[in-house]
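**Q** In this note's numbering, the protein residues as written are 6 to 173. A virtual CB, placed ideally from N, CA and C, is assigned to each residue, including glycine. Since we're looking at a predicted model, the values are computed, not measured.
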Amino acid sequence: MDNLFSHAPSGAPEPAATDELDPVVVSVVVPGAVARAFMGFTEHTHLWWPLEDHSVYGAGSYVEFEENLIMESSDDGRTAVWGSIDDWQPPLSFHASWHPGTTAMWSTELRVAFKAVDEGTELRLVHSGWEGAEDPAAARAEYAAGWPAVLDRFVRFMGGAGADSPDA
Numbered sequence: 006m007d008n009l010f011s012h013a014p015s016g017a018p019e020p021a022a023t024d025e026l027d028p029v030v031v032s033v034v035v036p037g038a039v040a041r042a043f044m045g046f047t048e049h050t051h052l053w054w055p056l057e058d059h060s061v062y063g064a065g066s067y068v069e070f071e072e073n074l075i076m077e078s079s080d081d082g083r084t085a086v087w088g089s090i091d092d093w094q095p096p097l098s099f100h101a102s103w104h105p106g107t108t109a110m111w112s113t114e115l116r117v118a119f120k121a122v123d124e125g126t127e128l129r130l131v132h133s134g135w136e137g138a139e140d141p142a143a144a145r146a147e148y149a150a151g152w153p154a155v156l157d158r159f160v161r162f163m164g165g166a167g168a169d170s171p172d173a
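1) According to DSSP, is tryptophan 54 helix, strand or coil?
2) For proline 141, count neighbouring C-beta atoms within 10 Å of its own C-beta (all shown protein chains included) and say buried if the count is 16 or more, exposed if not.
3) In terms of alpha-carbon separation, which member of Gly125, Val117 and Glu139 lies closest to histidine 132?
4) Give the DSSP-derived three-state secondary structure of methionine 110 in the structure shown.
5) Looking at valine 31 and leucine 97, is the spacing between their C-beta atoms short of 8 angstroms?
6) Tell me which residues share the same chain as alanine 85 and place their Cβ nearer than 6 angstroms to its Cβ, disregarding the 5 neighbours each side in the sequence.
7) Between which two residues does the beta strand (DSSP E) carrying glycine 45 extend?
8) Taking a contact to mean a Cβ-Cβ separation below 8 angstroms, would you say glycine 164 touches proline 36 in this structure?
9) Does phenylalanine 159 come out as helix, strand or coil in the three-state DSSP assignment?
10) Less than 8 angstroms between C-beta atoms, sequence neighbours within five positions excluded: which residues of the same chain meet that for alanine 144?
11) Pull up the distance between the alpha-carbon of valine 122 and that of glutamate 25, whole angstroms please.
12) Bridge partners of serine 60, per DSSP?
13) Taking tryptophan 103 as the reference, give the member of Asn73, Val39 and Ser79 with the closest Cα.
14) Leaving out five residues before and five after threonine 47 in sequence, what residues of the same chain have Cβ atoms less than 6 angstroms from its Cβ?
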């Protein structure tokens with residue numbers, strides 16, 4: 006029997022380094038005060054989140070911040086936990102583990118912060134902790150492509166000019 010504490014055989018491939026994967030950082034500005042933006046993001050998520058493209062159950066489901074969870078409910082009553090909130094600082098920020106469509110075992114980290122700027126409120130989303138994902142590089146690439154579109158929907162919901170707008 007091999008010793009549990011023995012070294013890997015020489016020539017064994019090194020595991021992929023996930024600490025080299027940078028966080029995904031996306032910032033948008035919405036009109037209005039910080040408290041209004043925080044409330045729009047956390048209390049009215051079901052009105053702007055693109056469930057048809059970014060959800061477990063698809064269009065017709067409902068996403069909400071409930072207690073210390075971010076949850077999606079299907080129209081037939083099934084639920085999926087997207088994340089667990091471990092730092093809630095309204096109206097300035099929140100931090101959550103993030104694992105929609107999978108288990109908490111494969112979670113990443115999400116920090117969303119709100120700050121007053123001349124044009125209204127800047128929302129800064131930092132998605133990191135890729136080592137917690139089942140496939141870190143693929144997860145990072147998917148979220149790097151997806152977050153801008155998701156946050157564009159939030160900007161338009163809050164009355165701002167989205168990226169697809171002729172004014173943008």
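**A** On the basis of the data shown:
1) coil
2) The Cβ neighbour count for proline 141, taken over all protein chains shown within 10 Å, is at least 16; the residue is labelled buried.
3) Val117
4) Collapsing the DSSP output to three states places methionine 110 in a helix.
5) no
6) Beyond the five residues adjoining it in sequence on each side, alanine 85 comes within less than 6 angstroms, by CB distance, of Val61 and Glu77 in the same chain, given in chain order.
7) Segment 39 to 47 is the alpha helix (DSSP H) holding glycine 45; no beta strand (DSSP E) there.
8) yes
9) Note: phenylalanine 159 maps to helix in three-state DSSP.
10) Excluding positions up to five away in sequence, the list reads Thr113, Trp135 and Ala138.
11) 32 angstroms
12) Note: serine 60 sits in no beta bridge, so no partner.
13) Asn73
14) Phe70
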